[in-house]
Amino acid sequence: MFCSCELILFLLLTGDGMNAYMAYKVSTQTSLTMFRSKTFTVRRRFSDFLGLYEKLSEKHSQNGYIVPPPPEKSILGMTKVKVGKEDPSSAEFVERRRAALERYLQRVVSHPSLLQDPDVREFLEKEELPRAVSTQALSGAGFLKMLNKATDAVSKMTIKMNEQDVWFDEKIQDVENEEQHMRKLHVMVESLVNHRKELSGNTAVFAKSVAMLGSSEDNTALSRALSQLAEVEDRIEQLHQEQASNDFFTFSELLADYIRLLGAVKGCFDQRMKAWQRWQDAENMLQKKREAEAKLLWANKPDKLQQAKDEIAEWEAKVTQYEREFERISATVRKEVILFLPEATV
């Protein structure tokens, strides 16, 4: 039983210049019976991918699931594509975006719970989707701000969580350490890529200068030697360019993906802490209600005792409900983290 997705990019022009937009063919192959057929293809815009993430995050993140984040929206990158399609940096951005979206979608369909979501099936099968309008906030800093919303809420908790399960403490620390290491490595790799690009450009300039020098040289043997040197430098320039591209797509981009995934993992830990906070808040309120009942008994006010007992019963039910929700989310988070970190053990 499998489900696999492939993204084929093509550029659609709905007008001139800034009215152009990119669309993607999403081709799916599956053996799952919940789909209408084994193979199908739809066309999706980048905003559709962001819309899918927004729906999945809203429904599943609060329950402790790791919802893979999509690549960030880049207004600058799209502007370059629209106004300068022949620019090498535009072609690089286009391929970078396509590969990142394909990895994102593969992670979604590889998640057993997310694959069952009706919004995922609709995204893969439905010919046309409603225009996603709320994804404008998912660009740049706004996107990161939304991802960190749960973390911000947890940081404002009034009660410090007294962790009873050492497993969670260890895994939280593991994720924090790994994120720090990945960020440092990503900076170093990006520096290496930029260095290789600069080296490629300088080599190209040198090769061109040597070729011009060879063509102007009267000595035949020296002219031939300079021409051969220029050819060698041309090949070296191409190798530097290929290496920079390989480092970028197979290393730098994957690191950036993994850093975003680590942020999603931290988010599921935060959701567990929020569930614990709800439980503790209910416990505190129940204690206040019991204290209020005791004061009524002491003051001999039987007319208000029934209301106090009803409120105690209400908050006892809430405490039980929130405790069960915390246990359920804890079990989900543990399962999700073990799947994400195969080396994790219970």
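Numbers -20 to -1, 1 to 326, taken from mature numbering (1 follows the signal peptide of the UniProt record, and there is no 0), label the letters of the sequence shown in order. Positions of the beta carbon are idealized from the N, C-alpha and C atoms, including for glycine.
- DSSP, read as helix, strand or coil, puts Arg111 in coil.
- When secondary structure is reduced to three states using DSSP, Tyr1 falls in the strand class.
- Apart from the 5 residues on each side of it in sequence, Glu305 sits with its Cβ closer than 7 Å to the Cβ of Ala255 in its chain, given in chain order.
- Counting along the chain, no beta strand (DSSP E) covers Val47, and no H or E run does either.
- Assigned with DSSP and collapsed to three states, Phe20 falls in strand.
- Ser41 counts as buried, since at least 16 other C-beta atoms from the protein chains shown sit within 10 angstroms of its C-beta.
- Membership of Met162 in the alpha helix (DSSP H) is indicated by the continuous run Val146 to Ser196.
- In chain order, Ala262 place their CB closer than 6 Å to the CB of Lys298, counting only its own chain and leaving out the 5 sequence neighbours on each side.
- Sequence-distant partners of Glu233 (beyond 5 residues in either direction) whose C-beta falls short of 8 Å from its own C-beta, in its chain, are Arg76, Ala79 and Ala80.
- In the three-state scheme derived from DSSP, where H, G and I count as helix and E and B as strand, Gln9 is classed as strand.
- By the Cβ rule, the stretch 162 to 171 does not count as touching the stretch 190 to 206, because fewer than three pairs are nearer than 8 Å.
- Judged by pairs of C-beta atoms under 8 Å, the stretch 215 to 234 touches the stretch 182 to 190, as three or more such pairs exist.
- Counting along the chain, the unbroken alpha helix (DSSP H) around Leu36 starts and ends at Phe26 to His40.
- Between the alpha carbons of Pro282 and Lys269 lies a distance of about 15 Å.
- Across the structure, Pro50 and Asn43 are spaced so that their CA atoms are roughly 19 Å apart.
- In the three-state DSSP reduction, Gln301 falls in the helix class (H, G or I).
- If you look at Ser225, you'll find it in the alpha helix (DSSP H) that goes Thr200 to Asp227.
- If you check the CB distance, Val22 and Glu107 come in under 9 Å.
- Straight across, the Cα-Cα distance linking Phe103 with Leu12 is about 16 Å.
- Around the beta carbon of His91, 16 or more other beta carbons sit within 10 angstroms, so the residue counts as buried.
- About 6 Å separates the beta carbons of Glu105 and Phe15, which is inside the 8 Å limit, making them a contact pair.
- Glu143 carries a coil assignment under DSSP once its states are collapsed to helix, strand and coil.
- Looking at the backbone, the Cα of Ala311 and that of Glu156 are separated by about 20 Å.
- Between the alpha carbons of Glu178 and Arg83 lies a distance of about 29 Å.
- With a 10 Å radius around the Cβ and a threshold of 16 neighbouring Cβ atoms, Val6 comes out buried.
- In terms of Cβ geometry, Leu94 and Asp28 do not form a close pair [threshold 9 Å].
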